[in-house]
Amino acid sequence: MRDARGWLLAGAMMMFGCAPAMAAAPNAEPGHPLAAQVERCFELRESRPAEAIAVAHAALSGTDLPAPEEIKLQTCLARASALTGDALTAIDAVDRVEVLLAASPQSPEFALRALSNAGAALQLAGDVPRALALYTRAFEAAEAGDSDIAQIKMLNNVGNIHSEELEAFDDALRIFARAQAIADKGGLSEPILSYNQGLNHLRAGREADARDAFAVALPQAEAIALGVVEQRARAELAALDATGLEALPTLVRIADAQRSDDPSGAAITLMRMSRLALDAGQAAQALAHARDAVGIARAGAFRIEYRDAMRAEVAALRALGQYEAALDVQQTLRDVEVRALRSQNLGTLAGLQARLEDRHSASELARLHEQRRVDALTQQHARKLRSAAIAGLGILVVLMLAFAWYQRRVNRRLYRLSSVDSLTRLLNRGAATHALRNMSNAAGGTARQVVFLLDVDYFKHSNDQHGHSTGDAILAEIAARLGTCCRPGDLVARWGGEEFLVACPALDLRGASDVAERLRTVVANTPFAFDGGQAVLSVSIGFACWPTAAAAGLARKERWREAVDLADRALYASKRGGRDAWTGLWCDGDVLDVKAVLRDPEGAIAARDITAVSSRTPVQWRSSEPDSAAPGWQPRGTAADGGREPPAPR
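Mapping of the sequence shown onto full-length UniProt numbering: residues 1 to 650, in sequence order.
1) Would DSSP call Cys-587 helix, strand or coil?
2) Spatial neighbours of Gln-285 within its chain, please: CB distance less than 6 Å, with the 5 preceding and 5 following residues excluded, ordered by chain position.
3) Quick one, are the C-beta atoms of Glu-324 and Ala-267 less than 7 Å apart?
4) Any chance the segment 104 to 111 sits against the segment 80 to 87, with 3 or more Cβ pairs inside 8 Å?
5) Taking the alpha-carbon positions, what's the Ala-435 to Leu-491 distance?
6) State the start and end residues of the unbroken alpha helix (DSSP H) segment that holds Leu-101.
7) Work out the CA separation of Leu-44 and Ile-296 for me, nearest whole Å.
8) Output needed for Arg-486: all residues of its chain with C-beta closer than 7 Å, excluding positions within five of it in sequence on either side, in chain order.
9) Can you have a look at Gln-379 and say buried or exposed, based on whether 16 or more other CB atoms are within 10 angstroms of its CB?
10) Count the other C-beta atoms from every protein chain shown that fall within 10 angstroms of the C-beta of Val-229, then say buried if there are 16 or more, exposed otherwise.
11) Quick one: what's got a C-beta closer than 7 Å to His-162's C-beta in the same chain, skipping five residues either side?
12) With 16 other CB atoms within 10 Å as the buried threshold, where does Asp-457 fall?
13) Measure how close the beta-carbons of Ala-59 and Gln-74 come, nearest whole angstrom, since I'm counting them as under 8 Å.
14) Let me check you understand the geometry: is the CB of Ala-35 closer than 6 Å to at least one non-hydrogen atom of the ligand SAM?
15) Under 7 Å, do Arg-520 and Gly-577 count as touching if we go by C-beta distance?
16) Between Glu-39, Ile-152, Leu-251, which lies nearest to Leu-188 when the distance is taken from Cα to Cα?
17) Check the Cβ-Cβ distances between Ala-210 and every residue of chain D, and say whether any is below 7 Å.
18) Helix, strand or coil, according to DSSP, for Phe-543 in the structure here?
19) Below 8 Å, can you find three or more Cβ-Cβ pairs linking the segment 85 to 96 to the segment 122 to 130?
20) Let me make sure I understand the geometry here. Which of Thr-611, Val-420, Asn-463, Ile-478 has the alpha-carbon closest to that of Leu-327?
21) What does the alpha-carbon distance come out to for the pair Phe-543 and Asp-256?
22) Looking only at DSSP bridge pairs, what is Ser-116 linked to?
23) Mind checking Glu-246: buried by the 16 CB within 10 Å criterion, or exposed?
24) Which of the three DSSP states is assigned to Arg-76 in this structure?
25) Spatial neighbours of Met-439 within its chain, please: C-beta separation below 8 Å, excluding the five flanking residues on both sides.
26) Could you tell me the distance, in whole angstroms, from the CA atom of Leu-571 to the CA atom of Asp-261?
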């Protein structure tokens, strides 16, 4: 068993996907200058990495360094450089560690620690494939030495890579389970392993399993005074057990305590606070917490936390309706991930090129030496050298093509992530806006482009009654149903919250009315089944066609915006008329004053500037309650709809 101080150091680094720091060499006497520099470097590398780098460079500038001490200094330099974002220096230091281990074999325990620390630095620097290779070598050494603790650490590191970097949560679960089996067999208490299993469950959306894992990690961490894990587990349990905003005061205290000792944990806690605020409808508060998390993660160069915090910021901006700002943050996130991939690729190529050059130089020296000794072998060595150079060049070309293919694949995936709604798998608002611009020139003659806005009636009531997870499942089912009743060329998108958009080219008024009725019935006529029961929901629909000519100053490709405004006005009327209905506004003239129609649709209809159709008459353009309203009827934009839209004008 390790002592509490060793556990705390291991815990702090395992949080970042790292192995425990290497202890001082057995032959390092206390007070020895070199041994003191090694110890100082490891003390500073987590809290003040820039100072650790300076200490490592100063120590490495000496001559005749013993191999064990140089290996420790190089691993410290690699870790500190990776923390400051200097991936190339970190990779060079790891290369030196591997050369030293090959030239000066060390004890199995020492080699295991060196390999695990080197792998941790590579993981933080973004060279995940090579980190996995070093972890595998360390794990094999641990198995050969029958070291349960070392095997658990390596499996934990590999599991973290699968969970954080690859988002392969089921693979990570199997790796963690293997580590847990080793720990249980040896009677070892592993709070870090339990905590990481909880994080993996949480990322996969298995909140109940996550809570169980954190509940195991907390008493284990308390028993050995592992404060980093203890604070994080408390924060996760508080967020999971919270109803509404009740956990925020507790989480604020935990985050404040973490800012100095565990800034990565503080960023994670702030992200949990942002999610709770967003679920409670406090989007502005959620945005503030998310941006605080982004600042901490950026300052600490915590790549995974920075990515997740920016995702939380995007969610809050969308909830606030600030879609342009959300798209900007999404683009920034994409650029950050692309730069990280490029840095990783360049670092790997640089290391490969250096190794090829070293190999070439060694071959050249050997050839010259052989020329001096045996002139008759000159041609044979020259042929070997050319073959080696061609093979090396071929390998380099293949690797560069592989990197280019991988980067292109990642870019395509990032584009899909930025254009597709993660819940419904429909196009999001930004992608739908781009598609509407392209659709605006698609039809001709008497056919018109038509846009439909659909809003789920009393969706907040359904969420309150059945839970948000059921609400998410209902939104996904509605998206699937809408897709089944639309044509292949139609546009179906999630416009925001419980609101959907459908756009159809080449429709007349009769065809648009038929489509609206199909969209209404596909939702209202079939109940939504879920665990424990079913729910009957309906939608209110408004539709409008593109005006053939627009007001002065509005570009042709932007005329769809007028249709969306008219469809939204018609949607108000469907809500006020009792819901579960559709209303349409149709323009046949060459010029339409859209603002006048929005202010007074009844006047525009009376003047025959526009035609109104509806599945429920008379059309209620104003917010007074109709005589035939069902019990609980409220106009759109009140508390029944979560207060998302403003009340209709009177």
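Positions of the beta carbon are idealized from the N, C-alpha and C atoms, including for glycine.
Since the structure is predicted, the reported quantities are computational estimates derived from the model, not experimental observations.
By the coordinates alone:
1) By 1-based counting over the sequence shown, the position of residue 587 is 587. In the three-state DSSP reduction, Cys-587 falls in the coil class, being neither helix nor strand.
2) Locating residue 285 in the sequence shown gives position 285, counting from the first residue. Only Ala-277 meet the Cβ criterion.
3) For the purposes of this step, residue 324 is taken as the residue at position 324 of the sequence shown. For the purposes of this step, residue 267 is taken as the residue at position 267 of the sequence shown. No, these two residues do not count as a Cβ contact at 7 Å.
4) no
5) Sequence index remark: in the sequence shown, residue 435 carries index 435 (1-based). Sequence index remark: in the sequence shown, residue 491 carries index 491 (1-based). Cα atoms of Ala-435 and Leu-491: separation of roughly 8 Å, rounded to the nearest angstrom.
6) Working through the sequence shown from its first residue, we reach residue 101 at position 101. Residues 87 to 103.
7) Counted from its first residue, the sequence shown places residue 296 at position 296. Counted from its first residue, the sequence shown places residue 44 at position 44. If I take the Cα positions, the gap works out to 19 Å.
8) Locating residue 486 in the sequence shown gives position 486, counting from the first residue. Note that residue 486 is Cys in the sequence shown, not Arg. So the list reads Val-492, Val-502, once near-sequence residues are dropped.
9) Counting from one through the sequence shown, the residue named residue 379 turns up at place 379. Result: exposed.
10) Taking the first residue of the sequence shown as 1, we reach residue 229 at position 229. Label assigned to Val-229: buried.
11) Residue 162 sits at position 162 when you count from the first residue of the sequence shown. Scanning its chain for C-beta atoms nearer than 7 Å, with the 5 sequence neighbours on each side dropped, one finds around His-162 the residues Ala-168, Asp-171, Ala-172, Ile-175, in chain order.
12) In the sequence shown, the residue the question calls residue 457 occupies position 457. Result: buried.
13) In the sequence shown, counting from the first residue as 1, residue 59 sits at position 59. In the sequence shown, counting from the first residue as 1, residue 74 sits at position 74. Actually they do not touch by this definition, with Cβ atoms about 10 Å apart.
14) With respect to small molecules bound, the structure shown includes none, and the ligand SAM cannot be examined in it.
15) The residue you call residue 520 lines up with position 520 of the sequence shown. The residue you call residue 577 lines up with position 577 of the sequence shown. Contact: no.
16) Within the sequence shown, the letter at position 188 stands for residue 188. If we check each option's Cα against that of Leu-188, Ile-152 comes out closest.
17) Considering every chain present, this structure includes no chain D. It has just one protein chain.
18) Position 543 of the sequence shown, counting from 1, holds the residue named residue 543. Three-state DSSP puts Phe-543 in a strand.
19) yes
20) As a first step, residue 327 must be located in the sequence shown, where it is residue number 327. Nearest of Thr-611, Val-420, Asn-463, Ile-478 to Leu-327, Cα basis: Val-420.
21) As a first step, residue 543 is located in the sequence shown; it is residue number 543 there, counting from the start. As a first step, residue 256 is located in the sequence shown; it is residue number 256 there, counting from the start. Cα to Cα, Phe-543 sits roughly 50 Å from Asp-256.
22) Taking the first residue of the sequence shown as 1, we reach residue 116 at position 116. Answer is none; Ser-116 lacks a bridge partner.
23) Taking the first residue of the sequence shown as position 1, residue 246 is located at position 246. By the neighbour-count rule (16 or more Cβ atoms within 10 Å), Glu-246 is not buried but exposed.
24) The residue you call residue 76 lines up with position 76 of the sequence shown. A small fix is needed here, since residue 76 is Cys in this sequence, not Arg. Helix, per DSSP.
25) If you number the sequence shown from 1, residue 439 lands on position 439. Around Met-439: Gln-449, Leu-491, Ala-503, Pro-505, Trp-560.
26) Translated into the one-based positions of the sequence shown, residue 571 becomes position 571. Translated into the one-based positions of the sequence shown, residue 261 becomes position 261. Going from the Cα of Leu-571 to the Cα of Asp-261 covers about 53 Å.
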